[in-house]
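Working notes, beginning with the structure itself.
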Amino acid sequence: MKLWPPIAATVFALCVWQAVVTLTGVQKFILPSPTLVAETWWLNRWLIAEHTLITLNEILIGLVIGISLGVVTALTLASSKTARTLLAPMLVFTQALPVFALAPILTLWLGYGIWSKAAMAVLITYFPVTSAFFDGLMRTPSGYLDLAKTMQASPRRVLWYIRVPAALPNLGAGVRLAAVYAPIGAVIGEWVGSSKGLGYLMLLANGRAKTDLMFAAMLTLGVLSVLLYVLMAKLTRRLGDRET
Amino acid sequence: MTQAPGITLKGQASIEGRQLFAPLTLSLDAGRWTCLLGGSGVGKTTVLRLMADLPTGADFDGEILATDKTPVAERIAYMAQDDLLLPWATVEKNIALGARLRGQKMDAVRVERLLDRCGLHAHRGKKPSELSGGQRQRVALARTLMEDKPIILLDEPFSALDEKTRAAMQDLAADLLTNRTVLVVTHDPGEAARLGHAIYVMTAAGLTSVAPPASSVPRPVDAPDTITCRSDLLRLLMETTT
Ligand SMILES: Nc1ncnc2c1ncn2[C@@H]1O[C@H](COP(=O)(O)OP(=O)(O)OP(=O)(O)O)[C@@H](O)[C@H]1O
Ligand SMILES: [Mg+2]
């Protein structure tokens with residue numbers, strides 16, 4: 000991918016933003032200019048860095064646990080019909096519940112620390128990973144399965160040597176989605192109750208009409224999410240042509 | 000490999016109550032090539048899949064018996080029309096897939112020999128996407144042979160190839176599959192004329208046997224009796240499918 004088009008687009012968007020602020024003379028606690036946000040970001044860089052680390056930590060814990068649980072669930076569902084009939088409806092039902100509504104309960108159960116936020120990230124990443132990977136596992140091209148049958152393969156080996164590798168691109172897609180959702184989960188967790196993290200910082204800044212700091216924290220979160228996505232995309236691109 | 004048995008499929012098949020093929024008897028002679036021709040949709044693939052005990056859309060009413068009275072399905076190697084190479088595995092691993100799926104140790108010597116015979120030595124470490132159509136077919140053939148089964152079912156195995164490569168693949172297969180009971184489904188009368196010890200044309204009404212040339216298999220593409228047989232088959236196919 001060429002780098003300059005997105006950079007050019009970003010620069011253009013920043014220019015429009017700056018122009019709007021300058022031309023309309025809107026108050027800075029309503030909409031701060033990008034230059035002011037940049038300045039605030041620089042002045043508060045250590046503060047922001049400290050909160051970013053906390054949030055990043057929550058996100059990574061959430062991702063690791065969420066992806067692992069998702070992979071295990073998908074494998075279980077794919078290899079057992081009983082598990083499918085018992086668990087699949089429940090899984091879909093839990094997805095119909097708004098995850099956000101669970102945030103206060105998680106805080107109640109797991110406390111104000113990073114665990115309630117990591118748990119939010121787990122909840123929000125678990126389903127996309129499970130569903131993408133499971134889908135891939137159930138859509139193995141039937142020709143491969145026929146071939147395996149004529150070779151007297153055991154179901155376990157078919158799963159490991161054919162269905163899993165054939166589903167890895169789907170798992171990759173699920174993991175990339177998870178990378179986008181996890182930061183949202185962590186920040187929701189922080190909004191409900193915390194004393195640290197980018198979500199906390201955003202609420203704090205907002206409450207004191209420090210809109211420039213709010214924007215600085217929000218943009219940091221955005222950049223963090225994009226970096227995480229790019230990293231996951233890089234890691235999962237290999238999944239497609241993995242050797243077994 | 001154990002001694003190749005003869006096989007007889009006897010019965011009829013229907014799909015959702017509609018008859019697919021009338022009662023027929025298809026006998027494969029032990030250690031010989033049988034070629035099955037027929038119009039699209041008459042049920043040739045269905046016959047193959049029934050023999051391999053794979054799911055088909057049809058209800059089969061009948062039986063499939065081997066001359067030695069032992070079960071057929073586990074002694075079959077099946078090569079579908081699609082080469083079904085695993086895109087993530089190398090040529091070598093694709094060829095040795097069967098052993099891996101059964102948790103057996105792969106027979107390295109045999110792999111070497113097949114790589115040699117199929118002219119795949121230079122490509123052993125490549126992924127299927129790096130191969131030409133003919134090379135992919137050779138890998139699929141090598142994988143089928145690696146199974147070392149006495150009964151081989153080939154569903155339009157060489158249909159995706161150009162004439163020259165196809166002829167070369169037919170020679171190779173005929174050579175490597177000597178003494179096995181082989182059933183080849185094909186759309187190509189020329190292929191049947193070259194390879195068949197027995198040739199059948201399938202229609203909804205049943206099977207028509209066509210006498211193959213007397214010469215030994217694989218017959219030269221340009222031998223007069225091969226050409227005559229090819230034209231006879233072609234005429235029969237045109238009559239039956241219109
Ligand atoms: N899974 C299935 N469910 C329902 N009908 C099927 C299924 N598979 C095949 N059929 C039908 O059975 C008939 C025979 O199919 P089959 O694949 O055996 O034909 P074929 O002789 O191999 O044709 P071709 O030469 O085109 O490969 C076709 O009419 C097809 O529509
Ligand atoms: Mg067919």
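Respectively, the protein sequence lines represent chains A and B.
Sequential numbering of the first sequence, starting at 0, is according to numbering that gives the first Met the number 0.
Sequential numbering of the second sequence, starting at 0, is according to numbering that gives the first Met the number 0.
Yeah, the Cβ is synthetic: ideal placement off N, Cα and C, and Gly gets one too.
Looking at the C-beta of residue i, does it have a partner C-beta in chain B at a distance below 7 Å?
i: GLN151 of chain A; result: yes
i: PRO164 of chain A; result: yes
i: LEU244 of chain A; result: What is shown of chain A runs 0 to 243, which leaves residue 244 of chain A out entirely.
i: ALA177 of chain A; result: no
i: GLY171 of chain A; result: no
i: ARG138 of chain A; result: no
i: VAL10 of chain A; result: no
If you measure from the beta carbon of residue i to each beta carbon in chain A, is any gap under 7 Å?
i: ASP81 of chain B; result: yes
i: ARG101 of chain B; result: yes
List, in chain order, every chain A residue whose beta-carbon is nearer than 8 Å to that of residue i.
i: ARG179 of chain B; result: Near ARG179 of chain B there are no residues of chain A at all, since even the closest Cβ is about 15 Å away, more than 8 Å.
Run down chain A in chain order and give the residues with a C-beta less than 9 Å from the C-beta of residue i.
i: ALA3 of chain B; result: Result: empty, since nearest Cβ-Cβ is about 16 Å, beyond 9 Å.
i: GLU146 of chain B; result: THR149, MET150
Can you tell me whether residue i is buried or exposed, with buried defined as 16 or more other CB within 10 angstroms of its CB?
i: LYS92 of chain B; result: buried
i: MET201 of chain A; result: buried
i: VAL36 of chain A; result: buried
i: GLU129 of chain B; result: exposed
i: MET89 of chain A; result: exposed
i: ARG137 of chain B; result: buried
i: LYS148 of chain B; result: buried
i: GLY171 of chain A; result: buried
i: THR219 of chain A; result: buried
i: ALA100 of chain A; result: exposed
i: ALA152 of chain A; result: buried
i: VAL327 of chain B; result: Beyond the ends of chain B as shown, which are 0 and 241, falls residue 327 of chain B; an answer cannot be given.
i: MET237 of chain B; result: exposed
i: TRP45 of chain A; result: exposed
i: ALA102 of chain A; result: buried
i: THR124 of chain A; result: buried
How would you list, in chain order, the residues of chain B whose beta-carbon sits under 7 Å from the beta-carbon of residue i?
i: LYS148 of chain A; result: LEU53
i: ASN157 of chain A; result: Sequence check: residue 157 of chain A is Val here, not Asn. Result: LEU100.
In chain B, which residues lie with their C-beta within 9 Å of the C-beta of residue i?
i: TYR143 of chain A; result: LEU83, LEU85
i: TYR160 of chain A; result: LEU85, ALA88, LEU96, ARG99, LEU100
Listing by chain order, which chain C residues have their CB less than 7 Å from the CB of residue i?
i: ILE75 of chain B; result: No chain C appears in the structure shown, which is made up of the protein chains A and B.
Helix or strand or just coil, what does DSSP make of residue i?
i: THR33 of chain B; result: strand
i: VAL36 of chain A; result: helix
i: TYR111 of chain A; result: coil
i: LYS1 of chain A; result: coil
i: LEU8 of chain B; result: strand
i: VAL71 of chain B; result: coil
i: ALA197 of chain B; result: strand
i: GLU155 of chain B; result: coil
i: THR243 of chain A; result: Note that THR243 of chain A scores 42 on pLDDT, short of 50, meaning its location in the model is unreliable; the coordinates nonetheless yield the value given after this. Three-state DSSP puts THR243 of chain A in coil, outside helix and strand.
i: PHE132 of chain A; result: helix
i: SER214 of chain B; result: coil
i: SER153 of chain A; result: coil
i: GLU146 of chain B; result: coil
i: ALA181 of chain A; result: helix
i: VAL220 of chain B; result: coil
i: THR244 of chain A; result: Residue 244 of chain A is absent from the model: chain A starts at 0 and stops at 243.
i: GLY205 of chain B; result: strand
i: MET78 of chain B; result: strand
i: PHE11 of chain A; result: helix
i: ASP58 of chain B; result: strand
i: PHE20 of chain B; result: strand
i: LEU182 of chain B; result: strand
Using a Cβ cut-off of 8 Å, pull out every chain B residue sitting near residue i, in sequence order please.
i: TYR228 of chain A; result: Those do not exist, as TYR228 of chain A stays about 24 Å from chain B at its closest Cβ, beyond 8 Å.
Handout entry: Stretch pair the stretch 205-220 of chain B + the stretch 116-129 of chain B: three plus CB contacts closer than 8 Å
Key = no
Practice task
Would you check if there are 3 or more beta carbon pairs closer than 8 Å linking the stretch 10-26 of chain B to the stretch 162-170 of chain B?
Solution key: no
Exercise for the section: Examine the Cβ distances between the stretch 181-197 of chain A and the stretch 76-89 of chain B and report whether three or more of them are shorter than 8 Å. Expected result: no
Exercise for the section: Tell me, please, whether the stretch 39-54 of chain A touches the stretch 224-231 of chain A by the rule of three or more beta-carbon pairs shorter than 8 Å. Expected result: Between the stretch 39-54 of chain A and the stretch 224-231 of chain A, the count of Cβ pairs shorter than 8 Å is below three; the stretches do not touch.
Problem - Touch test, the stretch 139-154 of chain A against the stretch 93-112 of chain B, Cβ-Cβ under 8 Å, three pairs minimum - result: yes
Problem - Touching by the beta-carbon criterion (3+ pairs, under 8 Å), the stretch 189-200 of chain B and the stretch 23-33 of chain B - result: yes
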